[in-house]
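K.L.:
Numbering (my numbering), first residue to last: 78 to 922.
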């Protein structure tokens, strides 16, 4: 069988065993490549090793696509001024025509209009110099003799201008003018009146108001200006008096209530002073605190003295054995002479009884008589004690009778101590009561003082307010008596007049109408041009493509006048002849496109490219073919794949057989060397046609076989270009773009629909498919190209700014006039060789 032999010689299948891709190298050995291709041809075999290798490669490709996406991301922001300018250039005749028509119409209308007369006057509404501010009546009453502030005279100019335009001010002017001009209306007054402040910027604004009035009657204009000037001057004086009167009325309305409030606060303050005997709460609070401190100190001293007297009292009572009353009784008996005399008599009788008892017995009359006398004296002594001491202490008189001088001193001291203790106790009771009273006052005083201070504060505010209102009322009354007009007429009402005194019409009215006509014509022309181009829904130049697509414009291919735009570029045989002059610009544009693509991102080179277009006939096949030829001519190993399985035409353009191609490879009916054809004139260019496309073949583009086939192509070729169906009618290109490095979008100037392109871009964004760049096809008409191609040399970076010429929608420069209709069933008389010259080693073996 052929399959084992082909699997043993993998190096002869797709050529090279290693290649460079995006800054990394893929080393493909002969055995690994043989296993990979055999597994791809046989889906039942083990594919673990191949899938692992392919996944690693796809991961690196995904990373590379991300880098390319970042490099080609468009800059956002700004307005499409460039597109508007280009549109104006394209429609300059239409815009100029409309502008001219409306300008002429405006000029003709001004010829029939009545002449317009315009007059003005100016009012100075604020003092300018310091002397003027000092002399102002308001300043005389409010500035206290100094220079008043500018804020006193400052006006709210926007509000003031609205007031001067109000019917309340203009009604009187209207009536005065209508009395002399009955046909005059209030609408005419409003429409012809202009009010403004002289100076429009902060640095140039003034304190001057300018009043302008215009109309078709010079006398009427002069009369209106005179009445306006008179009314505005009267208004300034009346307005000041009116505001002053309103201020006086306001003050008088406030005075009764304020006076009542002052009286109430004064009554509350007086009542508080009388109740708590307050004069100055701040000083009285200190006095109360001092009193409390003094009473406390006196109370402590008294308590100390009481304690000392109590100790002395207890000591004296213990020494005498007498109570205070008994001590007083003993002192009294010792001091009574009658009692002491009786006591002495008793003592003498006692002495006699003792003396006589030695001589006589107790029954002796002498002894009996002495004892009778003793008893009588004792009775008399008891009566005297009872008289002195009372019945209770009289019974203890015997114990209190005999007191020596020492005891008498102690008794005296005891009596004094007792009296002193009673005095101190009374004092301590008084001080305790006083301390309670002062403490109560001290606790109540903060509340009383706070209330007093609050009443004082409110009374002070009310009094000051009352005084200020009274003073302000007098000031306003003085100002109301002034009759000087606040505003000054610095420019009298006047109309421009000639030397003869005849009013001169305003020339700016006709100029203004003419200017309005020109602006309206310009706006109408621009708007009409925008609507026309919106309705045409096409791209008019390469710059329009650049603005519409969020990807860089890599190239702009010119249109050619001949049916075969590129001459021998489409002829495989090198003996077809020399290139025509019209082919040089096209070839130069393709070279620029390849250079832009090559150096788009030097770190991550584009290896696989899907060329798409929004609609059929945009020239994507022509672009793919010539880009492949240019890359191959530069030494790149290029594979051009016709992935348009719906309407393939690459084989017809190149006059190649189409019996075996991509469809057969996906169906695994043939080997790659049987399907891939080499270009005889360019040995590095290989072609893979679409092949036979039975129904359902297009679904194979999304199959794993296509994914593996693309990975195998990436390993063996420097650049793979896939020509796909248009994006509007099929989604085949989306599956290929997901595995490739990106999409090159081809748009035909003056043919591709703008709306269809936007829909395609939206879908690509939803699928997250990267767009590497765009190509503007037929961007330059042949008449705009010089004979020596200098224009293309200057635009070697691929930017074509020249407007595109109108082309037929069905015109496709990629097709040869000799190949308009191709019968695929007709055998090719001169078929191209089916074997790739790159496989010479395999054939020889």
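Built from N, CA and C at the ideal position, the CB exists for glycine as well. The model shown is predicted, which means the values in this text are computed figures rather than measured ones.
1. Can at least three beta-carbon pairs, one atom from the segment 336-355 and one from the segment 498-510, be found at a separation below 8 Å?
2. Can the beta-carbon of residue 754 be found less than 9 Å from the beta-carbon of residue 765?
3. Rounded to whole angstroms, what's the CA-CA distance from residue 69 to residue 384? Just pull it up for me.
4. Can you grab the Cα-Cα spacing for the pair residue 423 / residue 431, in whole Å?
5. From the DSSP secondary-structure annotation, give me the bridge partner or partners of residue 800.
6. Between the Cα of residue 592 and the Cα atoms of 231, 162 and 182, which residue gives the shortest distance?
7. Given residue 705, which residues of its chain have a CB within under 7 Å of its CB, disregarding the five upstream and five downstream residues?
8. Under three-state DSSP, which class holds residue 548?
9. For the alpha helix (DSSP H) containing residue 783, name the first residue and the last one.
10. State the start and end residues of the unbroken beta strand (DSSP E) segment that holds residue 571.
11. Please confirm whether residue 662 and residue 855 have their CB atoms less than 9 Å apart.
12. Quick check: the Cα distance between residue 268 and residue 252, rounded to an integer number of angstroms?
13. Taking contact to mean 3 or more Cβ pairs, one atom from each stretch, closer than 8 Å, check whether the segment 189-204 and the segment 300-315 are in contact.
14. Quick check on the burial criterion: 16 or more other C-beta atoms within 10 angstroms. Buried or exposed for residue 527?
15. On the CB-based measure, 16 or more other CB atoms within 10 Å of its CB, does residue 874 come out buried or exposed?
16. Can you check which of these residues, 290, 263 and 171, is closest to residue 582 by C-alpha distance?
17. Would you kindly check if the distance between the Cβ of residue 823 and the Cβ of residue 700 is under 9 Å?
18. Spell out a yes or no on whether the segment 830-840 and the segment 736-755 are touching, meaning 3 or more CB-CB pairs, one atom from each, closer than 8 Å.
19. Quick one, are the C-beta atoms of residue 707 and residue 678 less than 9 Å apart?
20. Helix, strand or coil: which one does DSSP assign to residue 828?
21. Under 8 Å: does the beta carbon of residue 311 sit that close to some heavy atom of the ligand MG?
22. Who are the near neighbours of residue 285 in its chain, counting only those whose CB is closer than 6 Å to its CB and skipping five residues on each side?
23. Would the beta-carbon of residue 519 fall within 9 Å of that of residue 356?
24. Taking only the alpha-carbon atoms, compute the straight-line gap between residue 604 and residue 171 and give it to the nearest angstrom.
25. To which residues of the same chain is residue 814 closer than 6 Å at the C-beta, ignoring the five residues directly before and after it?
26. On the DSSP letters alone, give me the boundaries of the beta strand (DSSP E) that residue 615 sits inside.
27. What are the partner residues of residue 274, as DSSP defines its beta bridges?
28. Which residue comes first and which comes last in the beta strand (DSSP E) that contains residue 633?
29. With H, G and I counted as helix, E and B as strand and the rest as coil, what does DSSP make of residue 748?
30. Around the C-beta of residue 260, are 16 or more other C-beta atoms found within 10 angstroms, so that it is buried, or is it exposed?
31. Is it the case that the Cβ atoms of residue 835 and residue 811 are separated by a distance below 9 Å?
32. Which two residues bound the contiguous alpha helix (DSSP H) that contains residue 347?
33. If we ignore side chains and look at the alpha-carbon of each, how far apart do residue 676 and residue 682 end up?
34. What's the call for residue 195, buried or exposed, on a 16-neighbour Cβ count within 10 Å?
35. By the 10 Å Cβ neighbour count, where 16 or more other Cβ atoms means buried, how is residue 321 classified, buried or exposed?
36. Return the first residue and the last residue of the beta strand (DSSP E) that residue 254 is part of.
P.N.:
To lay it out plainly:
1. no
2. Translated into the one-based positions of the chain shown, residue 754 becomes position 677. Translated into the one-based positions of the chain shown, residue 765 becomes position 688. Yes, these two residues count as a Cβ contact at 9 Å.
3. The structure shown does not extend to residue 69, since the chain is modelled only from 78 through 922, so no value can be given for it.
4. In the chain shown, counting from the first residue as 1, residue 423 sits at position 346. In the chain shown, counting from the first residue as 1, residue 431 sits at position 354. Using only the alpha carbons, I get a separation of about 12 Å.
5. Here residue 800 is taken as the residue at index 723 of the chain shown, counted from 1. Residue 800 pairs with 688 and 719.
6. The residue labelled residue 592 in the question sits at position 515 within the chain shown. Ranking the options by Cα distance to residue 592, first place goes to 182.
7. Here residue 705 refers to the residue found at position 628 when the chain shown is read from its first residue. So the qualifying residues of the chain are 715, 717, 762 and 798.
8. Position 471 of the chain shown holds residue 548. Looking at residue 548 - three-state DSSP - the assignment turns out to be helix.
9. Taking the chain shown and counting its residues from 1, the one referred to as residue 783 is at position 706. Here the alpha helix (DSSP H) through residue 783 covers 781-793.
10. Residue numbering aside, residue 571 sits at position 494 when the chain shown is read from its first letter. It spans 565-571 - the beta strand (DSSP E) in which residue 571 sits, taken as one unbroken run.
11. Numbered from its first residue, the chain shown carries residue 662 at position 585. Numbered from its first residue, the chain shown carries residue 855 at position 778. Result no, Cβ atoms of residue 662 and residue 855 do not sit closer than 9 Å.
12. Locating residue 268 in the chain shown gives position 191, where the first residue counts as 1. Locating residue 252 in the chain shown gives position 175, where the first residue counts as 1. Cα to Cα, the separation comes out at about 16 Å.
13. yes
14. The residue given as residue 527 occupies position 450 in the chain shown. With fewer than 16 other Cβ atoms within 10 Å, it is exposed.
15. By 1-based counting over the chain shown, the position of residue 874 is 797. Because the pLDDT at residue 874 is just 37, under 50, the model does not fix this residue reliably, and the value given afterwards should be weighed accordingly. Per the 10 Å Cβ criterion, exposed.
16. Taking the chain shown and counting its residues from 1, one reaches residue 582 at position 505. Nearest C-alpha to residue 582: 290.
17. The residue labelled residue 700 in the question sits at position 623 within the chain shown. The residue labelled residue 823 in the question sits at position 746 within the chain shown. Yes.
18. no
19. By 1-based counting over the chain shown, the position of residue 707 is 630. By 1-based counting over the chain shown, the position of residue 678 is 601. Not in contact: residue 707 and residue 678 (Cβ atoms no closer than 9 Å).
20. The sequence position of residue 828 within the chain shown is 751, counting from 1. Three-state DSSP puts residue 828 in coil, outside helix and strand.
21. By its list of ligands, the structure shown contains no ligand whatsoever, and the ligand MG lies outside what it can speak to.
22. Residue numbering aside, residue 285 sits at position 208 when the chain shown is read from its first letter. 199, 201 and 275.
23. As a first step, residue 519 must be located in the chain shown, where it is residue number 442. As a first step, residue 356 must be located in the chain shown, where it is residue number 279. Contact flag unset, no.
24. Sequence index remark: in the chain shown, residue 604 carries index 527 (1-based). Sequence index remark: in the chain shown, residue 171 carries index 94 (1-based). Each residue's alpha carbon lies about 11 Å from the other.
25. In the chain shown, residue 814 corresponds to position 737, counting from 1. The residues are 687, 820 and 846.
26. Along the chain shown, one-based indexing puts residue 615 at 538. Per DSSP, residue 615 belongs to no beta strand (DSSP E) and is neither H nor E.
27. Stepping through the chain shown from its first residue, residue 274 is reached at position 197. Residue 274 pairs with 286.
28. For the purposes of this step, residue 633 is taken as the residue at position 556 of the chain shown. Run containing residue 633: 630-634, per the beta strand (DSSP E) assignment.
29. Position 671 of the chain shown holds residue 748. In the structure shown, residue 748 sits in coil (DSSP, three-state: anything other than H, G, I, E or B).
30. Taking the first residue of the chain shown as position 1, residue 260 is located at position 183. By the 10 Å Cβ count, residue 260 comes out exposed.
31. Residue 835 sits at position 758 when you count from the first residue of the chain shown. Residue 811 sits at position 734 when you count from the first residue of the chain shown. Result no, Cβ atoms of residue 835 and residue 811 do not sit closer than 9 Å.
32. Position 270 of the chain shown, counted from the start, is the residue given in the question as residue 347. Looking at the DSSP string, the run of the alpha helix (DSSP H) that includes residue 347 is 295-353.
33. By 1-based counting over the chain shown, the position of residue 676 is 599. By 1-based counting over the chain shown, the position of residue 682 is 605. Cα-Cα distance, rounded: 8 Å.
34. Stepping through the chain shown from its first residue, residue 195 is reached at position 118. Buried, by the Cβ-count rule.
35. Taking the chain shown and counting its residues from 1, the one referred to as residue 321 is at position 244. Burial call: buried.
36. By 1-based counting over the chain shown, the position of residue 254 is 177. From DSSP, residue 254 is part of no beta strand (DSSP E) but of the alpha helix (DSSP H) over 244-257.
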